[in-house]
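Trainee: Every letter in the sequence shown is one number past the one before it in my numbering, and letter 153, counting from 1, is 172.
Below is a structure I'd like to ask you about.
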Amino acid sequence: MVICPNCKEEIDNDSHYCDQCGQALLYCSSCGQVGTGRHCVYCGAMMREAMDVVNDTPIPSLNLTNAALGIKITGVNGAIIGRRQGPYCQIFEQNRYVSGIHAQLLYDVEKGWCIVDKNSSNGTRLNNNLLQPNSVTKLADGDMLSLANINLLVGIL
Numbered sequence: 020m021v022i023c024p025n026c027k028e029e030i031d032n033d034s035h036y037c038d039q040c041g042q043a044l045l046y047c048s049s050c051g052q053v054g055t056g057r058h059c060v061y062c063g064a065m066m067r068e069a070m071d072v073v074n075d076t077p078i079p080s081l082n083l084t085n086a087a088l089g090i091k092i093t094g095v096n097g098a099i100i101g102r103r104q105g106p107y108c109q110i111f112e113q114n115r116y117v118s119g120i121h122a123q124l125l126y127d128v129e130k131g132w133c134i135v136d137k138n139s140s141n142g143t144r145l146n147n148n149l150l151q152p153n154s155v156t157k158l159a160d161g162d163m164l165s166l167a168n169i170n171l172l173v174g175i176l
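Quick look at the structure:
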């Protein structure tokens with residue numbers, strides 16, 4: 020577990036984003052410490068974004084799209100999807116049906132890309148089936164993911 024430098028909450032070691040506040044995490048290229056800024060406060064080495072690799076396995080690309088609304092999201096492991104937090108908040112900030120912290124994208128070496136509803140007010144659906152909050156659900160190429168009233172086509176390459 021690591022401590023988010025933004026909100027000070029404890030999160031999983033392999034996170035790309037804090038699952039509490041949505042802050043992108045940077046890792047020291049030398050000692051592996053989590054931090055902010057260009058240089059590590061522990062050893063002075065350069066900070067870098069988490070690589071798109073889990074246990075030395077390359078992560079396939081995940082795209083969530085809605086052509087009619089002009090939405091194209093490139094999935095990032097651990098990223099929060101919401102109106103107030105996460106790297107995609109600008110897409111959803113004007114949609115009052117999408118929760119502030121609505122869902123989270125996860126990549127699992129065994130399952131592949133997954134979605135977790137973060138106890139959203141208006142629910143997350145996969146192929147029109149309502150997901151249980153905090154339950155990891157596998158995504159497949161061609162699935163229809165619905166965040167409240169927004170439908171997104173799942174593309175996995």
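C-beta atoms are modelled at their ideal positions from N, C-alpha and C, and glycine is treated no differently.
Computed from a predicted model, the values in this text were never measured in an experiment.
Relative to the alpha-carbon of Ile100, which residue among Leu125, Leu149, Pro79 has its alpha-carbon at the smallest distance?
Mentor: When each option's Cα is compared against that of Ile100, the closest is Leu125.
Trainee: Exposed or buried, Ile92, counting other C-beta atoms within 10 Å across all chains shown (16 or more means buried)?
Mentor: Its Cβ being crowded by 16 or more others within 10 Å, Ile92 is buried.
Trainee: In whole angstroms, what separates the C-alpha of Leu171 from that of Leu81?
Mentor: Taking the straight line from one Cα to the other gives about 12 angstroms.
Trainee: Would Pro26 be called buried (16 or more neighbouring beta carbons within 10 Å of its own) or exposed?
Mentor: With the sequence shown as reference, residue 26 is identified as Cys, and Pro is not the correct amino acid for it. Counting Cβ neighbours within 10 Å, Cys26 comes out exposed, since fewer than 16 surround it.
Trainee: Report all residues from its chain with a CB closer than 8 angstroms to the CB of Phe111; omit the five preceding and five following residues, and keep chain order.
Mentor: Only Ile100, Gly101, Arg102, Val117, His121, Leu166, Ile169 meet the Cβ criterion.
Trainee: Buried or exposed: which applies to Val72, given that a residue is buried once 16 or more other Cβ atoms fall within 10 Å of its Cβ?
Mentor: The predicted model places Val72 with a pLDDT of 47, which falls under 50 and marks its position as unreliable; any figure quoted below should be read in that light. The residue is exposed, with fewer than 16 neighbouring Cβ atoms inside 10 Å.
Trainee: What does Arg67 pair with, by DSSP beta-bridge criteria?
Mentor: Looking at the DSSP assignment, Arg67 forms a beta bridge with Tyr46.
Trainee: Straight-line CA distance for Leu45 to Ala64?
Mentor: Rounded to the nearest angstrom, the two C-alpha atoms are 12 angstroms apart.
Trainee: I need the DSSP call for Cys108, collapsed to helix, strand or coil.
Mentor: Note: Cys108 maps to helix in three-state DSSP.
Trainee: Do you know offhand how far Met20's Cα is from Ala86's?
Mentor: In a straight line, the C-alpha of Met20 is about 38 angstroms away from that of Ala86.
Trainee: Per DSSP, His58 forms a beta bridge with which residues?
Mentor: According to DSSP, His58 bridges with Met65.
Trainee: Taking the C-alpha atoms as reference points, what is the distance between Ile175 and Arg115?
Mentor: Cα to Cα, Ile175 sits roughly 28 angstroms from Arg115.
Trainee: Here's the rule I'm using: 16 or more other beta-carbon atoms within 10 Å means buried, otherwise exposed. How should Asp38 be labelled?
Mentor: It is buried - the Cβ of Asp38 has at least 16 other Cβ atoms within 10 Å.
Trainee: Taking buried to mean at least 16 other C-beta atoms within 10 Å of its own C-beta, is Pro152 buried or exposed?
Mentor: Pro152 is exposed by the Cβ-count criterion.
Trainee: Indicate the three-state DSSP secondary structure (helix, strand or coil) for Ala167 in the structure shown.
Mentor: The answer is coil: DSSP assigns Ala167 none of H, G, I, E or B.
Trainee: Counting only the same chain and skipping the five closest in sequence on each side, list residues whose C-beta sits under 8 angstroms from that of Asn147.
Mentor: Met163, Ser165.
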